[in-house]
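Notes for the one structure printed next.
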Amino acid sequence: MRQAALDGTTDAVIDVRGVCTRFGSAVVHDGVDLRVDAGKVFALVGGSGSGKSTLLREIILLQPPAAGSIRVFGEEVVGLSDEAALPLRRRWGVMFERGALFSSLTVAENVGMVLAEHTSLPPHLIRELAATKIALTGLPADAGAKYPNELSGGMRKRAALARALALDPELLFLDEPTAGLDPLSASGIDELVRSLCDALRLTIMMVTHDLDLLWHAADRVAVLGNGRIVAVGSMSELSHSDDAVVRQYFHGPRGRAALEQAWKTR
Amino acid sequence: MPLAFGATLSPATGSIGSSVHELRCLGTWSMGTIAALERTLEGLPWPQRGELVVDGSAITELDTAGAWLLHRTMAKLAAQGAKVSLQGFRTECSGLLALLANRRVPLEVPETPEPPWLGRIGRHTVSLITAFWGYLAFVGECALALLHGMRHPARVRWRPVLRNIEIAGVQALPITGLLSFLMGLVIAYQGADQLRRFGANIFVVDLVALAMLRELSPLLTAIIIAGRSGSAYTAQIGTMKVTEEIDALRTIGIGAQDLLVVPKVIALVIVMPLLTVYTDVTGVIGGMVMAKLKLGVSFEAFFDRLDDAVQLSSYWTGLVKAPVFALIVAMVGCHRGFRVGASADSVGAQTTTSVVQSIFLVIVTDALFSIIFLALDL
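Quick mapping for you: the protein sequence lines, in order, are chains A and B.
For the first sequence, our numbering assigns the number 266 to the last residue and increments by one with no breaks.
For the second sequence, our numbering assigns the number 644 to the last residue and increments by one with no breaks.
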């Protein structure tokens, strides 16, 4: 199955072309082009309200764009019916900004329900696989029996990640994986994202504000501004960019601190 | 194409008679195949001890599920004293296995045990007792907040009171009016045959007016309001609790009771008697229409008789129940809202309980009123 993604004419896992989005008269996207390659950690950045999360929601079929084409695994997703989208949805996992864990289920049940829904595995294997995913995200074993409201913010993010990984997706979407976390938990997420991408050969697309996460985990970064992608490249390329939006983003006081930190740790 | 997969166990080549065995893994080891693979592995003639070489050169696909099965099998054998080594795995496969070994995944995940029946009874009893104490405490807090409001009427939040009057009262006019009209219609219709048999057509007025004014109209109104507004109170306060808005109110220094409970209680206590008077009227009109259609009692005759049939006390005995019912519906609705836990499920559960409990209490209270009125000879 994994090969199928790679065998296509192109190994772009996500290919976004000319996407336009409007909310009433407000134009959010005005011709966004984007390409995410297989096996890479791709990050989408931009100021608040620049439409990062909206673009993510369009790619994962939660809302349609006004115009343009979005191909995931080589298949056009704009206008796809729910039924036709099901095989695609099984191949990707999504971690929402606030976790979106089902509050009436324990963490293990949250992960297990995805497995139970999509596979015909016996209950003991489902429990074991759920525990495996929970352990992979670095949660202690006893976290599985807890309810989401009994977990700290960082643990909740990890639990949400465990659920996103339940079906061994080829593509993982992370919406603000470190938002609202303390620096220590956030740097734990940095490493987690990087190590999962390497060990499970995942393609990761994330939306983030976190400059440290970008420096440590992202292979390629695209900057969204004024409704378009204003720059794409690795972090060190972007940090030398002349574009006003990019400079504003990476050379603010916090941007500089993250940059210095990144050079020190290399 | 069916997925090819499998596992074979044999003495290692070139070492017949020695205690080295080789496990050859074949094909796809993934989520779709591990259930069958697990059975295959259980059926293999595992040696009691000695060395085991796991050969992964024939694995075509390995995901975390397959890696988990392999990891668990090896770890269990190692725990029994076998020496297990890997051979021929591609780097990504051995990487995945190393990751699992690294993370210390528990080998056995037992099903969460159900508590024994005695434990369940005990837990249920304790939760009932704490719920009762919780309710008492809530009633106390509300009483204090209301007393405080009475002493300082300027401190009461009148805007939410008016808003609640609009939502629970004005907007409930069509449904309560329609239902009590139908109720009056039905009572007159049911009574018509019996009364006609005795030639007592005109007594349909007594039947409809007394039944509506004394019992049905306040009861019907309370039940509709419990379903309409009581449930809304529970869901609103419960959702605010899930999203920590109640905690936010507390930190801003606004008592949740003052903002959320007191206005609702005041509003319902004002609105319920008014609605009851209104449903009295629509109910009697319903009876009047049916009396004309089915028994030929004209509107004039109906009104004439109404004057004799209904004493003022009948009207008051119905009306006096309304504020008490209002208090019950508002208090139960709000209390259930505050008892919502942190999950979406519990909003639903508490809303259900809220409606069932307030209707139950309303009917029980109605019965108590009947006994009291009987004793007072009203």
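Glycine included, each C-beta is placed from N, C-alpha and C at the ideal position.
Since we're looking at a predicted model, the values are computed, not measured.
**OP:** Kindly indicate the opening and closing residues of the alpha helix (DSSP H) around B/W399.
**Re:** Translated into the one-based positions of the second sequence, residue 399 of chain B becomes position 133. Segment 383-417, the alpha helix (DSSP H) holding B/W399.
Original post:
What is the rounded straight-line gap between the Cα of B/S620 and the Cα of B/P539?
Top reply: Counting from one through the second sequence, the residue named residue 620 of chain B turns up at place 354. Counting from one through the second sequence, the residue named residue 539 of chain B turns up at place 273. A direct Cα-to-Cα measurement between B/S620 and B/P539 gives close to 21 Å.
Original post:
How would you label A/E226, buried or exposed, when you count the other beta carbons within 10 angstroms and need 16 or more for buried?
Top reply: As a first step, residue 226 of chain A is located in the first sequence; it is residue number 226 there, counting from the start. The residue asked about is misnamed: residue 226 of chain A is Asn in this sequence, not Glu. That one is exposed.
Original post:
Which of the residues in the region 371-385 of chain B, read from start to end, lie with their CB under 9 Å from any CB of chain A?
Top reply: Residues V371, P372, L373, E374, V375, P376, E377, T378.
Original post:
For B/H287, which beta-bridge partners are listed by DSSP?
Top reply: One-based indexing of the second sequence puts residue 287 of chain B at position 21. The beta-bridge partner set that DSSP reports for B/H287 consists of B/P277, B/L318.
Original post:
By how many angstroms is the C-alpha of B/E511 removed from the C-alpha of A/D7?
Top reply: Here residue 7 of chain A refers to the residue found at position 7 of the first sequence. Here residue 511 of chain B refers to the residue found at position 245 of the second sequence. Here the model assigns A/D7 a pLDDT of 44, short of 50, so the residue's position is not dependable, and the following value carries that caveat. Each residue's CA atom was taken as its position, placing A/D7 and B/E511 some 51 Å apart.
Original post:
Residues of chain B with CB under 7 Å from A/D168, in chain order?
Top reply: For the purposes of this step, residue 168 of chain A is identified with residue 168 of the first sequence, where counting begins at 1. Scanning chain B for C-beta atoms nearer than 7 Å to the C-beta of A/D168 yields M297, D329, T330, A331, reported in chain order.
**OP:** Could you tell me the distance, in whole angstroms, from the CA atom of A/A179 to the CA atom of B/I491?
**Re:** Here residue 179 of chain A refers to the residue found at position 179 when the first sequence is read from its first residue. Here residue 491 of chain B refers to the residue found at position 225 when the second sequence is read from its first residue. Going from the Cα of A/A179 to the Cα of B/I491 covers about 43 Å.
Original post:
Does A/A116 come within less than 8 Å of chain B when only Cβ atoms are used?
Top reply: Along the first sequence, read from residue 1 onward, the residue named residue 116 of chain A stands at position 116. At least 8 Å separates the CB of A/A116 from every CB of chain B.
Original post:
Should B/V563 and B/I489 be called a contact, given that it needs their Cβ atoms to be closer than 8 Å?
Top reply: The sequence position of residue 563 of chain B within the second sequence is 297, counting from 1. The sequence position of residue 489 of chain B within the second sequence is 223, counting from 1. Against a cut-off of 8 Å, the Cβ pair of B/I489 and B/V563 comes out as no contact.
Original post:
When the distance is taken between beta carbons, is A/T137 closer than 8 Å to B/L366?
Top reply: Indexing the second sequence from 1 puts residue 366 of chain B at position 100. Indexing the first sequence from 1 puts residue 137 of chain A at position 137. In this structure, A/T137 does not lie closer than 8 Å to B/L366 by Cβ.
Original post:
Of all Cβ atoms in chain A, is any one closer than 8 Å to the Cβ of B/L366?
Top reply: Here residue 366 of chain B corresponds to residue number 100 of the second sequence, with the count starting at 1. At least one CB atom of chain A sits nearer than 8 Å to the CB of B/L366.
Original post:
For the region 592-622 of chain B, which residues have a beta carbon sitting closer than 7 Å to at least one beta carbon of chain A?
Top reply: Those residues of the region 592-622 of chain B placed with their C-beta closer than 7 Å to a C-beta in chain A are A608, S609, A610, D611, ordered along the chain.
Subject >> Contact check, A/L44 vs A/V16, beta carbons under 8 Å >> reply: For this step, residue 44 of chain A is matched to residue 44 along the first sequence. For this step, residue 16 of chain A is matched to residue 16 along the first sequence. Their beta carbons are not under 8 Å apart, which means A/L44 does not touch A/V16 by this criterion.
Subject >> Separation of B/D611 from A/S120, as counted between CA atoms >> reply: As a first step, residue 120 of chain A is located in the first sequence; it is residue number 120 there, counting from the start. As a first step, residue 611 of chain B is located in the second sequence; it is residue number 345 there, counting from the start. One Cα belongs to A/S120, the other to B/D611, and the distance between them is close to 26 Å.
Subject >> Through-space distance from A/E176 to A/D242, alpha-carbon basis >> reply: Taking the first sequence and counting its residues from 1, the one referred to as residue 242 of chain A is at position 242. Taking the first sequence and counting its residues from 1, the one referred to as residue 176 of chain A is at position 176. Taking the straight line from one Cα to the other gives about 26 Å.
Original post:
First and last residue of the beta strand (DSSP E) that includes A/G18?
Top reply: The residue labelled residue 18 of chain A in the question sits at position 18 within the first sequence. 12-23 is the span of the beta strand (DSSP E), which, as asked, contains A/G18.
Original post:
Can you tell me whether B/P440 is buried or exposed, with buried defined as 16 or more other CB within 10 angstroms of its CB?
Top reply: As a first step, residue 440 of chain B is located in the second sequence; it is residue number 174 there, counting from the start. B/P440 should be labelled exposed.
Original post:
Taking all protein chains shown into account, do 16 or more other C-beta atoms lie within 10 angstroms of the C-beta of B/T617, making it buried, or fewer, making it exposed?
Top reply: Position 351 of the second sequence, counting from 1, holds the residue named residue 617 of chain B. Around the Cβ of B/T617, a 10 Å sphere holds 16 or more other Cβ atoms; the residue is buried.
Subject >> Helix, strand or coil at B/R605 [DSSP, three-state] >> reply: Within the second sequence, the letter at position 339 stands for residue 605 of chain B. Secondary structure of B/R605 (DSSP, three-state): coil.
**OP:** Would you verify that the beta carbon of A/R2 is, or is not, closer than 8 Å to some beta carbon of chain B?
**Re:** Start at 1 with the first residue of the first sequence, and residue 2 of chain A comes out as number 2. Residue placement at A/R2 is flagged as unreliable, the pLDDT there being 44, under the threshold of 50; the coordinate-derived value follows with that caveat. The beta carbon of A/R2 sits closer than 8 Å to some beta carbon of chain B.
Original post:
In chain A, what lies closer than 8 Å to B/L362 by C-beta?
Top reply: Locating residue 362 of chain B in the second sequence gives position 96, where the first residue counts as 1. At a beta-carbon threshold of 8 Å, the residues of chain A lying near B/L362 are A199, L200, ordered along the chain.
**OP:** Please name the residue or residues paired with B/K507 in a DSSP beta bridge.
**Re:** Walking along the second sequence from the start, residue 507 of chain B turns up at place 241. Secondary-structure assignment with DSSP links B/K507 through no beta bridge to anything.
**OP:** Quick one: measure Cβ to Cβ for A/G93 and A/L172, integer angstroms, because I've assumed they're closer than 8 Å.
**Re:** As a first step, residue 93 of chain A is located in the first sequence; it is residue number 93 there, counting from the start. As a first step, residue 172 of chain A is located in the first sequence; it is residue number 172 there, counting from the start. Rounded, the Cβ-Cβ distance is 5 Å, consistent with contact.
Original post:
So B/L451 and B/M556 are in contact, right, with Cβ under 8 Å, and what is the actual spacing, rounded?
Top reply: Residue numbering aside, residue 451 of chain B sits at position 185 when the second sequence is read from its first letter. Residue numbering aside, residue 556 of chain B sits at position 290 when the second sequence is read from its first letter. In this structure B/L451 is in contact with B/M556, their Cβ atoms being roughly 5 Å apart against a cut-off of 8 Å.
**OP:** Below 7 Å CB to CB, which residues in the same chain sit around A/K157 once its five sequence neighbours on both sides are set aside?
**Re:** Within the first sequence, the letter at position 157 stands for residue 157 of chain A. Cβ within range, chain order: G99, P177, L181, I189.
Original post:
When you check each C-beta in the region 330-356 of chain B against every C-beta of chain A, which residues fall closer than 9 Å?
Top reply: Residues of the region 330-356 of chain B that bring their beta carbon within less than 9 Å of a beta carbon in chain A comprise T330, A331, A333, W334, L335, H337, R338, in sequence order.
Original post:
How many Å lie between A/C20 and A/P65 at the Cα?
Top reply: What you label residue 20 of chain A is simply residue 20 of the first sequence in a count that begins at 1. What you label residue 65 of chain A is simply residue 65 of the first sequence in a count that begins at 1. A/C20 and A/P65: Cα-Cα distance of roughly 6 Å.
**OP:** Please work out which residues of its chain come closer than 6 Å, Cβ to Cβ, to A/S103, disregarding the five sequence neighbours upstream and downstream, and give them in chain order.
**Re:** Residue numbering aside, residue 103 of chain A sits at position 103 when the first sequence is read from its first letter. If we look at A/S103 and ignore the five residues flanking it on each side, its Cβ neighbours are P148.
**OP:** Return helix, strand or coil for A/R194, following the three-state DSSP convention.
**Re:** As a working mapping, residue 194 of chain A is identified with position 194 in the first sequence. The three-state secondary structure of A/R194, taken from DSSP, is helix.
Original post:
Cα-Cα, which of B/L479, B/S446, B/L352, B/G443 is closest to B/L213?
Top reply: In the structure as shown, chain B begins at 267 and stops at 644. Residue 213 of chain B is therefore absent and cannot be evaluated.
Original post:
Are there three or more Cβ pairs, one per stretch, closer than 8 Å when the region 566-575 of chain B is compared with the region 106-114 of chain A?
Top reply: Touching, no, given that fewer than three Cβ pairs across the two stretches are closer than 8 Å.
**OP:** Pick out the complete beta strand (DSSP E) segments inside the region 26-67 of chain A, 3 residues or longer, and give them in chain order.
**Re:** Along the length of the region 26-67 of chain A, whole beta strand (DSSP E) runs at least 3 residues long occupy 26-37, 41-46, reported in chain order.
Original post:
Is the number of C-beta pairs between the region 387-400 of chain B and the region 458-465 of chain B that are closer than 8 Å three or more?
Top reply: When Cβ pairs closer than 8 Å are counted between the two stretches, the region 387-400 of chain B is seen not to touch the region 458-465 of chain B, the count staying below three.
Original post:
Which bits of chain B does A/A135 rub up against, with CB to CB less than 7 Å?
Top reply: Taking the first residue of the first sequence as position 1, residue 135 of chain A is located at position 135. Within 7 Å Cβ-Cβ: R369, R370, V371.
Original post:
Roughly how many angstroms lie between the CA atoms of B/M340 and A/A166, to the nearest whole one?
Top reply: Taking the second sequence and counting its residues from 1, the one referred to as residue 340 of chain B is at position 74. Taking the first sequence and counting its residues from 1, the one referred to as residue 166 of chain A is at position 166. So the alpha carbons of these two residues sit roughly 23 Å apart.
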